[in-house]
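The block underneath contains the structure these notes are about, expressed in structure tokens.
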Amino acid sequence: VRLAYQKIDPVSEALKSNCYEEEKVIKPAFYRISPVNINGIPSNRLMVVIKTSGCEFSPKIDGCSLCGFVENTGNGLTDEDIVEQLDWVLRSNDLTDVEEIDILTLGSFFNDNAINQNTRLALLEKAAERVQVKRVSVESRAEYVTIDKIQQCQTRLNGKILEFGIGLESADDYIRNEIIKKNLLKKDFMDTVRKVKAANGHLVTYLLIKPPHLSERAAIEDAIKSVKFVFQTAMTFDIPARVAFEPVFICKDTNLEQMYLSSNYNLVNLWSIIEVIIRTYQYGNIYVGLCDETLTYKRMPHSFPHCYKNIVQEIEGFNKTQDITSLLQLDCHCRSHYRDQMIRGEI
Ligand SMILES: [Zn+2]
Numbered sequence: 033v034r035l036a037y038q039k040i041d042p043v044s045e046a047l048k049s050n051c052y053e054e055e056k057v058i059k060p061a062f063y064r065i066s067p068v069n070i071n072g073i074p075s076n077r078l079m080v081v082i083k084t085s086g087c088e089f090s091p092k093i094d095g096c097s098l099c100g101f102v103e104n105t106g107n108g109l110t111d112e113d114i115v116e117q118l119d120w121v122l123r124s125n126d127l128t129d130v131e132e133i134d135i136l137t138l139g140s141f142f143n144d145n146a147i148n149q150n151t152r153l154a155l156l157e158k159a160a161e162r163v164q165v166k167r168v169s170v171e172s173r174a175e176y177v178t179i180d181k182i183q184q185c186q187t188r189l190n191g192k193i194l195e196f197g198i199g200l201e202s203a204d205d206y207i208r209n210e211i212i213k214k215n216l217l218k219k220d221f222m223d224t225v226r227k228v229k230a231a232n233g234h235l236v237t238y239l240l241i242k243p244p245h246l247s248e249r250a251a252i253e254d255a256i257k258s259v260k261f262v263f264q265t266a267m268t269f270d271i272p273a274r275v276a277f278e279p280v281f282i283c284k285d286t287n288l289e290q291m292y293l294s295s296n297y298n299l300v301n302l303w304s305i306i307e308v309i310i311r312t313y314q315y316g317n318i319y320v321g322l323c324d325e326t327l328t329y330k331r332m333p334h335s336f337p338h339c340y341k342n343i344v345q346e347i348e349g350f351n352k353t354q355d356i357t358s359l360l361q362l363d364c365h366c367r368s369h370y371r372d373q374m375i376r377g378e379i
């Protein structure tokens, strides 16, 4: 498993920059290269989080309760600055083995107020210039999506797959809208899937593992039910689809951080993630995001330190191969303790 990972530290980067260099370098909020499986073939993806003016949704109605992205928002960025962030990543990394590029924004990729259509298309063209890239993935809230916008994006990709991402988070309406405050109705999700299909796009649905107020057991069952719902919907619309899980992590200055610090939220255990994978992989392509967004170990899905690295490596191996053989064999003495805790309702 090949992993490249870099944190961006604006202060030290600024100190390193050459005073005589006229061209300004603008780096993205975050980027990472990690294993992925593209239509059955093991590969690697580059994920770039581009700074824009941020998620409009957040300040408007008290925001999604878990999201900490808003603190990374860049103000006063020009269209060129937005494209430059992707360009910088593309020219300063060895991307020989990368066949997927995920262009994520701090907000919605289809929100014209954060990023206009020309800039969107310029970003996609940049990604499409790389011959070995097979799939380009973007993400947006449902309300910004039109068939026309997706189709225009599609035409800039030179026949590469455009994958459209929607954060459904959970198929359960109460969990999605009351707990996570996503403000997304199931019918709007379905309607967006219909639009993506009409524009010949592929679908990736983001699901959370263990939103707040759910026990470990309830969270596992919610994730599994949500996967079934996503692939049933994909079948209904006859659209190629996959699921990308985002096990919940703790961002700074969020409601969730308050809950976590006051012991009212327990992070998901990696063994629960293993169970979710083993019970869902047969429904379709599954990816588990373990991106730490520069957080410390304590704020991430966890196991005990002795097996943490190994389990994470196994999950990333699964992301690449979609093969659960070694996940089935995976074990550790801490697993029985985890099971006992779950039975006793402690987690
Ligand atoms: Zn262990």
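The sequence shown finishes on residue 379 if you use the numbering used here, and the numbering steps up by one all the way, no holes.
Just so you know, even glycine gets a beta-carbon here, dropped at the ideal spot from N, CA and C.
As the structure is a prediction and not an experimental result, all values here were calculated from the model.
Looking at the secondary structure, which residues open and close the beta strand (DSSP E) in which Glu278 lies? Position 246 of the sequence shown, counted from the start, is the residue given in the question as residue 278. Run containing Glu278: 273-279, per the beta strand (DSSP E) assignment.
Please state the DSSP three-state secondary structure of Asp111. Translated into positions along the sequence shown, residue 111 becomes position 79. Here Asp111 sits in helix by DSSP.
Can you name, in chain order, every residue of its own chain whose Cβ lies under 6 Å from the Cβ of Phe89, other than the five neighbours on each side? Here residue 89 corresponds to residue number 57 of the sequence shown, with the count starting at 1. Because the pLDDT of Phe89 is 47, which lies under 50, any placement of that residue in the model is unreliable, and the number read from its coordinates should be weighed accordingly. Nothing listed; no residue qualifies.
Output yes or no for whether 8 Å exceeds the beta carbon distance between Ile70 and Lys166. Within the sequence shown, the letter at position 38 stands for residue 70. Within the sequence shown, the letter at position 134 stands for residue 166. With contacts defined by Cβ atoms closer than 8 Å, Ile70 and Lys166 form a contacting pair.
Let me check understanding here. Comparing Cα to Cα, which of Arg311, Asn301, Met79 lies closest to Leu136? Position 104 of the sequence shown, counted from the first residue, corresponds to residue 136. Between Leu136 and the set Arg311, Asn301, Met79, the nearest pair of CA atoms involves Met79.
Taking only runs that begin and end inside the region 160-215, name each unbroken beta strand (DSSP E) of 3 or more residues, in chain order. Within the region 160-215, the beta strand (DSSP E) runs of at least 3 residues that lie entirely inside it are, in chain order, 167-171, 193-201.
Assigned secondary structure, Phe89 (DSSP; H/G/I helix, E/B strand, else coil): Reading the sequence shown from its first residue, position 57 is the one you call residue 89. Only weak support is given to the placement of Phe89: the predicted model assigns it a pLDDT of 47, under 50, and the value that follows is read from those uncertain coordinates. Three-state DSSP puts Phe89 in a helix.
Would DSSP call Glu378 helix, strand or coil? Looking up residue 378 in the sequence shown gives position 346. It is coil, neither helix nor strand.
Count the other C-beta atoms from every protein chain shown that fall within 10 angstroms of the C-beta of Ala146, then say buried if there are 16 or more, exposed otherwise. For the purposes of this step, residue 146 is identified with residue 114 of the sequence shown, where counting begins at 1. With 16 or more Cβ atoms within 10 Å of its Cβ, Ala146 is classed as buried.
Fully enclosed by the region 320-366, which alpha helix (DSSP H) runs are 4 residues long or longer? Annotation note: the region 320-366 contains the following uninterrupted alpha helix (DSSP H) runs of length 4 or greater, listed N- to C-terminal: 337-353, 357-361.
Near Arg331, what residues of its chain come up, given a Cβ to Cβ distance below 7 Å and the 5 sequence neighbours on each side ignored? Here residue 331 refers to the residue found at position 299 of the sequence shown. Same-chain partners within the cutoff: Phe281, Ile282.
If you drop the 5 nearest sequence neighbours on each side, which residues of the same chain put their C-beta closer than 6 Å to that of Ser258? For the purposes of this step, residue 258 is identified with residue 226 of the sequence shown, where counting begins at 1. The residues Ser202, Ala203, Leu239, in chain order, have a CB closer than 6 Å to that of Ser258 in the same chain once the five nearest residues on each side in sequence are set aside.
Under the three-state reduction of DSSP, which class applies to Thr286: helix, strand or coil? In the sequence shown, counting from the first residue as 1, residue 286 sits at position 254. Thr286 falls in the coil class under three-state DSSP.
Validate contact between the region 156-172 and the region 184-195 using beta carbons, cut 8 Å, 3 pairs: Under the Cβ criterion (8 Å, minimum of three pairs), the region 156-172 counts as touching the region 184-195.
Residue from Val68, Cys366, Ile347, Ser368 with nearest C-alpha to Leu359: Sequence index remark: in the sequence shown, residue 359 carries index 327 (1-based). Leu359 has its Cα closest to that of Ile347, out of Val68, Cys366, Ile347, Ser368.
Hey, out of Ile82, Pro333, Gln264, whose CA is closest to Thr110's CA? Taking the first residue of the sequence shown as 1, we reach residue 110 at position 78. Check the Cα spacing between Thr110 and each of Ile82, Pro333, Gln264: the tightest is with Ile82.
Extent of the continuous beta strand (DSSP E) to which Ser66 belongs: Position 34 of the sequence shown, counted from the first residue, corresponds to residue 66. Its beta strand (DSSP E) spans residues 62-70.
From the DSSP output, read off the bridge partner residues of Arg77. Here the question's residue 77 lines up with position 45 in the sequence shown. In DSSP, Arg77 forms a bridge with Ser66, Glu132.
Give the straight-line distance between the Cα atoms of Cys87 and Leu138, rounded to the nearest whole angstrom. Residue 87 sits at position 55 when you count from the first residue of the sequence shown. Residue 138 sits at position 106 when you count from the first residue of the sequence shown. Here the model assigns Cys87 a pLDDT of 47, short of 50, so the residue's position is not dependable, and the following value carries that caveat. Those two C-alpha atoms are separated by around 6 Å.
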